[in-house]
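Throughout the sequence shown, residue numbering follows the working numbering, covering 3 to 221 in sequence.
By construction, the Cβ of each residue, glycine as well, lies at the ideal position given by its N, Cα and C atoms.
Only one structure is covered here, and it is reproduced in the block below.
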Amino acid sequence: MDDTEEATTQNSTVEQWTKALARSTGSPGGGAGAGLMLAVAASLTSMVAGYTEPEEHTRAQLSRIRDQAQVLRTDALRLADEDASASRAFGAAFRLEPGPDRESAISRASIEAAKASAVLGMRAIDAIDSLAWLAVHGNRALVADIVVAFGSLRATVTGARTNVSFDLAALSSGGGTPELTRQQHPSLWATVGALNAALDRIDALTGEIDHLAAPTDAE
3 MDDTEEATTQ
13 NSTVEQWTKA
23 LARSTGSPGG
33 GAGAGLMLAV
43 AASLTSMVAG
53 YTEPEEHTRA
63 QLSRIRDQAQ
73 VLRTDALRLA
83 DEDASASRAF
93 GAAFRLEPGP
103 DRESAISRAS
113 IEAAKASAVL
123 GMRAIDAIDS
133 LAWLAVHGNR
143 ALVADIVVAF
153 GSLRATVTGA
163 RTNVSFDLAA
173 LSSGGGTPEL
183 TRQQHPSLWA
193 TVGALNAALD
203 RIDALTGEID
213 HLAAPTDAE
């Protein structure tokens, strides 16, 4: 794979994909990176569920969590690639000559980019419950893996929230207003609030299991 070939999560090694991420092209960019972090969170969720010895009343729940996490891992990689495609269109719109065509292209690209980030963020929100369950019922020896999974989810939610906000703000660059954007795209606007709430929940859940790790400040 040379530097001119498009890097995707499907046709690239980790080394190749991160090399493409390091280039100043924006495709893949932070949004695609957030998708990859969601795949990491899903993979760790599946792993912890697999390492957890089920009791009779938790067997079905563990099976559901693992199955859902394995589906999410695949979906997250697809969403990462879709975000990279949206980023290419976004960048191309901003490179157009100033004028009505550029403003229209930026508006269309901003909406599509915001939708891609919103989908990614909502999938991350859906994954919180499974990880929260494992934080209570999962294998205690894997607390570090659960914390890393929470951190990966947080990165996804943070990236999605910031990208949706930025893309919505870009709609105002053509003379619109935030209030007009809110009226025209209420679901995207509401997504930002949902993602903010998810960040608070992830932080609270992570804090609740911190005591399960061996303390480093004990005298």
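Worksheet item: From Leu-98 to Ala-107, what distance separates their C-alpha atoms?
Response: 8 angstroms
Worksheet item: Given that a residue counts as buried once 16 or more other Cβ atoms are within 10 Å of its Cβ, and exposed if not, what is Ala-9?
Response: buried
Worksheet item: Roughly how many angstroms lie between the CA atoms of Arg-68 and Gly-93, to the nearest whole one?
Response: 37 angstroms
Worksheet item: Is the region 29-48 in contact with the region 71-90, if contact means three or more CB pairs nearer than 8 angstroms?
Response: yes
Item to complete: Taking Asn-198 as part of the alpha helix (DSSP H), name the residues at either end of that continuous run.
Response: 188-210
Worksheet item: Given that a residue counts as buried once 16 or more other Cβ atoms are within 10 Å of its Cβ, and exposed if not, what is Gly-140?
Response: Classified as buried, Gly-140 has 16 or more neighbouring CB atoms from the shown chains inside 10 Å of its CB.
Item to complete: Determine the direct distance from the alpha carbon of Arg-110 to that of Arg-132, and round the result to whole angstroms.
Response: Position check: residue 132 holds Ser in this sequence, whereas Arg was assumed. Going by the C-alpha atoms only, they are around 35 angstroms apart.
Worksheet entry | Local Cβ density within 10 Å of Val-16, reported as buried at 16 or more and exposed below that | exposed
Fill in: Neighbourhood of Phe-152 by C-beta, 7 angstroms cutoff - its chain only, sequence neighbours within 5 removed
Leu-133, Ile-204, Leu-207 and Thr-208
Discussion item. Going by DSSP, what residue range makes up the alpha helix (DSSP H) through Leu-46?
Written reply: 32-53
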